Amino acid sequence: MPPAFVEFLQFLLSGITSGAIYALVGLGFALIYNASHVINFAQGEFVMLGGMLTWALTSAGLDLPLAIGGAVAITVLVGMALEKLAIEPARDANVVTLIIITIGAGIFLRGVVSVTLGKDFHPLPSFSGDDPISILGATIMPQSLWVLGVSALVVIALQGFFSYTLLGKSILATSHNRMAAKLMGINVGFVLVLSFGLSALLGAMAGILIAPITATNFEVGIILGLKGFAAAILGGLGNGLGAIVGGLTLGIIESLGAGYVSSDYKDAIAFVVILAVLFFMPSGLFGRRGTERV
Amino acid sequence: MSLLRVENLGIQFGGVRAIQSLDFVINPGTIHSIIGPNGAGKTTLFNIITGIYAPTAGDIYLDNVPITGRRPHELARMGMSRTFQNLQIMKTMTAIENVMVGRHLHLNRNLLSCLLRLPSVTRGDRQARKRCVELMESVGLGAYIDAEAGSMPYGALKRLEIARALAAEPKLLLLDEPAAGLNAAETKEIDEVIVKVARSGVTVVLVEHDMKLVMGISDHILVLDYGRKLAEGTPDEVRANPAVVAAYLGNVGNVGTVGTMGTVS
Amino acid sequence: MAHNVRPSGYSKFAKKQTYTRRMSTRKSRAQMLLSERGGGMASLLLVILVLPLFLANDYHYDVAVNIGINAIVVVGLNLLIGYAGQISLGHAGFFGLGAYTSAVLTAHYGLHGLLALPIGALGVGVLAYAIARPVLRLSGHYLAMATLGVGLIINIIISREAWLTGGPDGMYVPLLEVFGTEVYGGPMWYWIVAATLLLAVWLSLNLIDSPVGRALRGLHGSEVAAQVAGVDTTRYKVMVFVISAVMAAVAGSLAAHFSEFVTPAKADFSHSILFVTMVVLGGMASTFGAVVGAAVLTLLPQFLADFADYEHVILGLIMMTVMIFMPKGLVPTLAALARRGARRTAR
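Listed in order, the protein sequences are those of chains V, U and E.
Heads up, the first sequence is in the numbering used here, so the first residue is 28 and it goes up one at a time.
Heads up, the second sequence is in the numbering used here, so the first residue is 4 and it goes up one at a time.
Heads up, the third sequence is in the numbering used here, so the first residue is 835 and it goes up one at a time.
As structure tokens, then:
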């Protein structure tokens, strides 16, 4: 293989790995947005909780799989509680107010974790060792394969959930038309709690998968949340496929930008590209281009 | 000399032709109604004329000046104003502030003057307020001058839309279903307002379902069906047109329409 | 608040009474304007004049000056968010750009601070104008994303170009000199910032009660209705975006000279979020709400500092609680309560 190609492949692989994480976080944004029209800026905190709780439970002596299960379960409960205690009581507030509530929730969760689990960075062990695997001359860590594999499984499971289960369909129905869903006997309140729970699940998975690669601390959610939001917007807000494509695109741009242009400016490059896309496609890559009805 | 001329107009949404090969002329100083079944393209036509949608075919002329594709605010400057079927009220503002937004083009809009609150701004606002109060009273909104728009009843908001549109002192006023959702007494009041406006020299274009209102006040009627012109002429001509009767009466399921047509003759 | 004349109860009266009723509403409106504009300005002036009596030490002055600086930004941001209904999650970028323009021009190029400040404001104004057109075509969350991106890019550039800005460590800023005297210490800064804040509030109040302000509020209420009334909505959005960016830049310049030191944190995302939170917490579409929001969220961390590690836990809880129970923000909610109370006693 020519070295230039190997180099490119290397950047691509690492871009896809972080892109998969952004996609999971972006899917969480899309899920909540669809069900409730809230942009949940505490989404990054779900990611942080997944990683930090897994670390805390393993250091308490639990096996990794058990710790992962526990961390995911707790994060899901936190997500549901967030909807029930903070979003539902403010149902009639306008969008910006709801955003501020989720930002407050994010600050609160970061505060609680920093008080209880400390402010240090903690690595998680890789799920299956640290021996790099060679692909066409480029190397990939086993953990990256975990990231890609689990992300793909999660997406497929989610697709199945929405297509084949009554619960999934009722979430879809609520996102299309809340009033009609209510009239059809769907328990909209429960659907909203559920969508926050599901979204927390996606976030926690992302946080756990990435922790062995980047380590985790109480503040990792801020930047991962931003990237997830960017992925969701890039793909077209509320579009699941869009969030996945948006996340992968963002990851790849970052990685290529860091590799070929400037690693100092990798985030800036990514955001310049997002701005450029929005300039030509104001509703993102897959967003609905609706004409306003008047 | 026509005030508004529409030639071969068409618009597509996706594959749907909402309006196709439409021609008509509106003469100054008349009340011109556009009628047709739901989905005939009446509001779409309004949205094209006022620059909210860009047509995919055809041309529009205002005073013989081509205006196809111009933005709504440019058209407002050229003397066009309108109301909306789905009310577009600025709910966080007071009623009179809504009307004063309608007067925007007649006021001192220089940023620096406004920031420094120069006397020219306050004087202009004072005069505008006086004028808007008169206008609101003339459409029967005297009791709502400083009311919060968001807390006003539906019938009053319909009139507020008209007052706001009139505040611009337009040459051409487009009213999108001004009587929809109103009871008989309110409809009669709106009817009087429209006639009063037309008498003052403003050309009125009306989209309306209330046949009694339409037949009573229109000088000219255009009938749309599936985005095409079905017929046009004076109220008497339209009423006698077999195609119109077929379109309205042929639809047996639509008892309501039959009823309203029935009240006409 | 200007909107307390309710139509209910009036509507049953005959038309004859319209005239007298109008006179009475006009009078009450004049009174309301007095309380909103004149009264509000007078109260703010009073607070500013009396406050130094309670400022016992440098730390107190420090907090007071920071409240003033934040309030200038938030009054401007409220024009954009509260009145025109356009969100920005990147205004700290403009604040930081103002701060760094002053810092770099005075420290590296020996420019006079009073010259650097308007250059920063102008530069930010031009930049804001250049990005506003494409960005403000977007709506809602897409606009949030774009402004966030702009803020992040500014912050990244400031952090990375260390040769100019000192990078993440920040840089020193020379003292500001006015009429040959160096501005130094709490009391002097207090009066400078207070005067600037009063000016900002006055301009903001003027603007919202003018044809331009009504156009801005109108496009918030219904963009399409404003357009058909002749409002070039894009132009107005760009205008208010530029105004708010320039106010942020001016505040940034003052902040740089005041603290004699700037870091990229001035321009970061959480600082942008803080400004937006101040707008919303104080009360959207309320100029005095903006000042109150800035005061509360600047003071709160000072009080919470006693709780050490629990600071953020409590801050987050307070933010959530206030927004859940007062979704319209502190000032509009309290004003409505006061009005209701007044009406009850009147009866």
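By construction, the Cβ of each residue, glycine as well, lies at the ideal position given by its N, Cα and C atoms.
Please read all numbers here as calculations on a predicted model, not as lab measurements.
Taking a C-beta cut-off of 7 angstroms against chain U, none of the residues of the segment 891-923 of chain E qualify. At the C-beta level, isoleucine 965 of chain E and valine 938 of chain E stay beyond 9 angstroms of one another. In this structure isoleucine 127 of chain V does not touch threonine 1132 of chain E by the C-beta definition: roughly 16 angstroms separates them, more than the 8 angstroms allowed. For glutamate 1145 of chain E, the enclosing alpha helix (DSSP H) starts and ends at 1145-1159. Excluding the 5 residues flanking it on each side, alanine 183 of chain U has same chain C-beta neighbours closer than 7 angstroms at Gln88 and His212, in chain order. The segment 1051-1069 of chain E makes no contact with the segment 57-67 of chain U: fewer than 3 CB pairs, one atom from each, lie closer than 8 angstroms.
For the segment 48-77 of chain U, there is no continuous alpha helix (DSSP H) assignment of 4+ residues that stays within its boundaries.
Nearest Cα to aspartate 26 of chain U within the set U:Val210, U:Ala152 and U:Val9: U:Val9.
Of the residues assessed, glutamine 170 of chain V falls on the buried side of the cut-off, its CB having 16 or more other CB atoms within 10 angstroms. When beta bridges are read from the DSSP output, phenylalanine 1095 of chain E appears opposite E:Tyr1006. Look at glutamine 130 of chain U here: in three-state DSSP terms it is helix.
Per DSSP, isoleucine 22 of chain U is one residue of the beta strand (DSSP E) stretching across 19-29. Nearest in C-alpha terms to valine 124 of chain U, of all of E:Gln1061, E:Leu1138, E:Leu1115 and E:Asn1040, is E:Asn1040. For cysteine 117 of chain U, the C-beta contacts it makes with chain E under 8 angstroms involve Asn1040, Leu1041, Ser1044, Pro1045, Val1046 and Gly1047, in order along the chain.
With the criterion set as a beta carbon lying under 8 angstroms from some beta carbon of chain E, the members of the segment 282-302 of chain V are Asp291, Tyr292, Asp294, Ala295, Phe298, Val299, Ile301 and Leu302, in sequence order.
Cβ neighbours of isoleucine 193 of chain U within its own chain (closer than 6 angstroms, five residues either side excluded): Pro181 and Ala182. By the Cβ test, the segment 99-107 of chain V is not in contact with the segment 291-306 of chain V, since fewer than three Cβ pairs between them sit closer than 8 angstroms. Comparing alpha carbon positions, the residue from U:Thr59, U:Ser116, U:Asp239 and U:Ala201 closest to glycine 18 of chain U is U:Thr59. Burial is judged here by how many other beta carbons sit within 10 angstroms of a residue's own beta carbon; glycine 248 of chain V has at least 16 and is buried.
Beyond the five residues adjoining it in sequence on each side, glycine 72 of chain U comes within less than 7 angstroms, by CB distance, of Ala57 in the same chain, given in chain order.
Identification of chain E residues near lysine 94 of chain U by a Cβ-Cβ cut-off of 9 angstroms yields Gly1055 and Ser1056, ordered along the chain.
Residue pairing of phenylalanine 16 of chain U in beta bridges, as defined by DSSP: U:Val19. The distance from the Cβ of glycine 42 of chain U to that of threonine 206 of chain U is about 26 angstroms, inconsistent with a contact at the 8 angstroms cut-off. Counting the other Cβ atoms within 10 Å of the Cβ of asparagine 121 of chain V gives fewer than 16, which makes it exposed.
Going by beta carbons, leucine 961 of chain E and leucine 986 of chain E fall outside the 9 angstroms limit. With a cutoff of 9 angstroms on beta-carbon distance, isoleucine 990 of chain E and aspartate 119 of chain V are scored as not near each other. Put simply, the CB of leucine 887 of chain E is far from chain V, with every gap to its CB atoms at 9 angstroms or more. A straight line joining the alpha-carbon of serine 877 of chain E with that of valine 908 of chain E spans about 18 angstroms. Between alanine 978 of chain E and the set V:Ala47, V:Leu76, V:Ala62 and V:Leu264, the nearest pair of CA atoms involves V:Leu264. DSSP places aspartate 228 of chain U in the strand class (E or B) of the three-state scheme.
Within the same chain, Cβ atoms closer than 6 angstroms to the Cβ of lysine 174 of chain U are found at Gly82, the five residues on either side in sequence being excluded. Isoleucine 160 of chain V and valine 139 of chain V have their C-alpha atoms spaced approximately 39 angstroms apart. Any Cβ of chain E closer than 9 angstroms to the Cβ of proline 92 of chain V would place that residue at the interface, and such an atom is absent. Taking a 10 Å sphere around the C-beta of arginine 202 of chain U, we find fewer than 16 other C-beta atoms and assign the residue as exposed. Among the bridge pairs identified by DSSP, aspartate 179 of chain U is matched with U:Val210.
In its chain, beyond the 5 residues on either side, Asn101, Val102 and Gly105 have a beta carbon closer than 6 angstroms to the beta carbon of arginine 167 of chain U.
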